[in-house]
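Engineer:
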Amino acid sequence: MKFSILTLFPDFFSSPLQESILKRAIEKQQISVETINIRDFSDNSYKRIDAKPFGGGAGMLMQAEPIAKAIESVKNGEEEYEVIFFTPSAPELTQKDSYELAKNNTHKVFLCGHYEGVDQRVIEKYVDKQFSVGKTVLTGGEIPALLCLDSIVRLLPNVISKEKSHERETFSAELYGKGEYPQFTRPENWRGIEVPKVLLSGNHADIEKYQLENLKNCSTEEIQIIIFREKYKNKKFKLEKNIYVELLPYFIGTDLNILEFKIFTKNTRSIKLVTDVISIDVNILNFENANKQGNQISTDVYFENFIFEKVASLFRLSEK
Ligand SMILES: C[S@@+](CC[C@H](N)C(=O)[O-])C[C@H]1O[C@@H](n2cnc3c(N)ncnc32)[C@H](O)[C@@H]1O
Numbered sequence: 237m238k239f240s241i242l243t244l245f246p247d248f249f250s251s252p253l254q255e256s257i258l259k260r261a262i263e264k265q266q267i268s269v270e271t272i273n274i275r276d277f278s279d280n281s282y283k284r285i286d287a288k289p290f291g292g293g294a295g296m297l298m299q300a301e302p303i304a305k306a307i308e309s310v311k312n313g314e315e316e317y318e319v320i321f322f323t324p325s326a327p328e329l330t331q332k333d334s335y336e337l338a339k340n341n342t343h344k345v346f347l348c349g350h351y352e353g354v355d356q357r358v359i360e361k362y363v364d365k366q367f368s369v370g371k372t373v374l375t376g377g378e379i380p381a382l383l384c385l386d387s388i389v390r391l392l393p394n395v396i397s398k399e400k401s402h403e404r405e406t407f408s409a410e411l412y413g414k415g416e417y418p419q420f421t422r423p424e425n426w427r428g429i430e431v432p433k434v435l436l437s438g439n440h441a442d443i444e445k446y447q448l449e450n451l452k453n454c455s456t457e458e459i460q461i462i463i464f465r466e467k468y469k470n471k472k473f474k475l476e477k478n479i480y481v482e483l484l485p486y487f488i489g490t491d492l493n494i495l496e497f498k499i500f501t502k503n504t505r506s507i508k509l510v511t512d513v514i515s516i517d518v519n520i521l522n523f524e525n526a527n528k529q530g531n532q533i534s535t536d537v538y539f540e541n542f543i544f545e546k547v548a549s550l551f552r553l554s555e556k
């Protein structure tokens with residue numbers, strides 16, 4: 237995947253691009269990253285590219301023309317491009333966005349703002365997507381561009397070692413955006429503090445239970461939903477005779493409690509998608525009803541049946 241970063245500070249990127257995953261991905265030619273100095277497209281000998289905003293206001297703005305020329309300089313007419321501008325007022329970049337950006341192999345052109353920002357006309361003419369990287373104002377778009385680059389690159393095929401991506405596939409706590417469970421490494425006893433015994437037991441089910449129950453920032457209800465998601469993700473399972481459902485994957489940035497299902501009919505000859513996605517907001521189903529055991533965490537079939545009955549009734553409604 238190709239990245240072009242348009243910036244007033246190309247040197248900002250030299251060190252991060254020479255470290256860790258980004259460095260390896262460049263060396264293995266899985267990505268190429270070029271930095272383009274917007275000042276090179278200035279039309280004056282002082283290399284100025286900023287001017288006072290019309291209508292007054294504090295600070296300076298980046299002018300449209302040097303930015304337009306910098307963008308045009310990376311377009312060779314053959315490839316597909318996406319121009320991405322970073323600004324605090326845009327929607328926040330989520331893991332779901334990073335997945336989508338990683339999935340589509342377009343040439344990514346990152347525009348880093350500076351000063352008070354960028355002339356609106358160049359944004360409207362050239363920018364395809366805008367992201368913020370948090371509810372705080374930074375000096376320039378360089379840190380947001382690096383953050384976005386890193387989040388995309390680690391999702392590209394074969395960039396992170398196979399084992400690690402497999403780990404994420406089989407147990408996707410990271411993908412639930414709920415923080416991590418506590419982790420420990422050698423020695424087993426560090427300054428008198430022991431590692432929880434269950435982690436040394438080798439019992440995969442008990443370890444997974446421990447990890448789920450110790451997810452940070454996670455309510456009891458959310459753990460119940462995660463257990464359900466873990467159990468049914470990437471599988472088609474039988475709802476009733478000849479009718480199968482598939483739970484769609486979860487991405488950080490979407491609601492954990494919204495379960496989305498595809499419905500299929502299946503017989504010996506064929507499997508066919510039969511409805512639009514059916515979605516269920518588990519929060520508005522009454523958890524007290526859904527889970528007979530009240531606030532206890534469980535993989536209780538009662539909870540699962542409750543969800544499946546809901547899906548089945550929505551499916552029947554959609555058929556009418
Ligand atoms: C000092 S900021 C400009 C802030 C702008 N006047 C405002 O209040 O929204 C300069 C540049 O840094 C980048 N930037 C700063 N904070 C950001 C954030 N939270 N997310 C994405 N980009 C940011 C943008 O490219 C922005 O144009």
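Here the sequence shown stands for residues 237 to 556, where the numbers follow my numbering.
We put the CB at the ideal spot given by N, CA and C, even for glycine.
#1: Please name the residue or residues paired with Q366 in a DSSP beta bridge.
#2: So for L484, helix, strand or coil by DSSP?
#3: Mind checking who M296 pairs with in its DSSP beta bridge?
#4: Take G376 and list the residues in its own chain whose beta-carbon comes closer than 6 Å to its own, dropping the five residues that flank it on each side.
#5: Can you tell me whether T504 sits near ligand 1, meaning its C-beta is under 7 Å from at least one heavy atom of the ligand?
#6: If you reduce the DSSP assignment to three classes, tell me which class E555 lands in.
#7: Return yes when at least one heavy atom of ligand 1 lies under 7 Å from the C-beta of V373, else no.
#8: Following a CB-centred definition, is S368 positioned closer than 7 Å to any heavy atom of ligand 1?
#9: Looking only at its own chain, which residues have a Cβ that is under 8 Å from the Cβ of I274, when we skip the five neighbours before and after it?
#10: What does the alpha-carbon distance come out to for the pair E399 and E449?
#11: Closer than 7 Å to a non-hydrogen atom of ligand 1 - does that hold for the CB of C384?
#12: Between F322 and ligand 1, is there a pair consisting of the residue's CB and a ligand heavy atom that are separated by less than 7 Å?
#13: Distance, Cα to Cα, Q366 vs Q356?
#14: Starting from H440, trace the alpha helix (DSSP H) in both directions and tell me its first and last residue.
#15: Can you give me the C-alpha to C-alpha distance between S554 and A548, rounded to a whole angstrom?
#16: I'd like the list of long-range same chain contacts for N493, defined as Cβ closer than 8 Å, with 5 residues on each side in sequence excluded.
#17: Apply the 10 Å Cβ neighbour rule to E378 and answer buried if 16 or more other Cβ atoms are within range, or exposed otherwise.
#18: Please return the same chain residues whose Cβ sits closer than 7 Å to the Cβ of R390, not counting the five positions on each side in sequence.
#19: Could you pull the DSSP bridge partners for A287 from this structure?
#20: Is I533 helix, strand or coil by DSSP?
Structural biologist: A quick look at the data gives this:
#1: As a working mapping, residue 366 is identified with position 130 in the sequence shown. Bridge partners of Q366: F321.
#2: As a first step, residue 484 is located in the sequence shown; it is residue number 248 there, counting from the start. Residue state, collapsed to three classes: coil.
#3: The residue you call residue 296 lines up with position 60 of the sequence shown. None, per the DSSP bridge assignment.
#4: Looking up residue 376 in the sequence shown gives position 140. Only C348, H350 meet the Cβ criterion.
#5: Residue mapping note: residue 504 aligns to position 268 of the sequence shown, counting from 1. No - ligand 1 has no heavy atom lying nearer than 7 Å to the Cβ of T504.
#6: Within the sequence shown, the letter at position 319 stands for residue 555. Three-state result, E555: helix.
#7: The residue you call residue 373 lines up with position 137 of the sequence shown. Yes - ligand 1 has a heavy atom lying nearer than 7 Å to the Cβ of V373.
#8: Taking the first residue of the sequence shown as 1, we reach residue 368 at position 132. Yes.
#9: To locate residue 274, count along the sequence shown from 1; it is residue 38. Only L242, T243, L244, I285, M298, P302, I303, A306 meet the Cβ criterion.
#10: Start at 1 with the first residue of the sequence shown, and residue 399 comes out as number 163. Start at 1 with the first residue of the sequence shown, and residue 449 comes out as number 213. In this predicted model, E399 has a pLDDT of only 48, less than 50, meaning its place in the structure is not dependable enough to derive any value.
#11: Reading the sequence shown from its first residue, position 148 is the one you call residue 384. Not so, every heavy atom of ligand 1 lies at least 7 Å from the Cβ.
#12: In the sequence shown, residue 322 corresponds to position 86, counting from 1. Indeed, a heavy atom of ligand 1 lies less than 7 Å from the Cβ.
#13: On the sequence shown, position 130 is the one that residue 366 refers to. On the sequence shown, position 120 is the one that residue 356 refers to. About 12 Å.
#14: The sequence position of residue 440 within the sequence shown is 204, counting from 1. Element bounds for H440: 440-449.
#15: The residue you call residue 554 lines up with position 318 of the sequence shown. The residue you call residue 548 lines up with position 312 of the sequence shown. Put simply, the backbone Cα of S554 is about 10 Å away from that of A548.
#16: For the purposes of this step, residue 493 is taken as residue 257 along the sequence shown, with counting starting at 1. If we look at N493 and ignore the five residues flanking it on each side, its Cβ neighbours are E457, E458, I461, D517, V518, N519.
#17: Sequence index remark: in the sequence shown, residue 378 carries index 142 (1-based). Per the 10 Å Cβ criterion, buried.
#18: Translated into positions along the sequence shown, residue 390 becomes position 154. So the list reads I257, I396, once near-sequence residues are dropped.
#19: Sequence index remark: in the sequence shown, residue 287 carries index 51 (1-based). Per DSSP, L297.
#20: Along the sequence shown, one-based indexing puts residue 533 at 297. Note on I533: pLDDT 45, under 50, position unreliable in the model; no value is reported.
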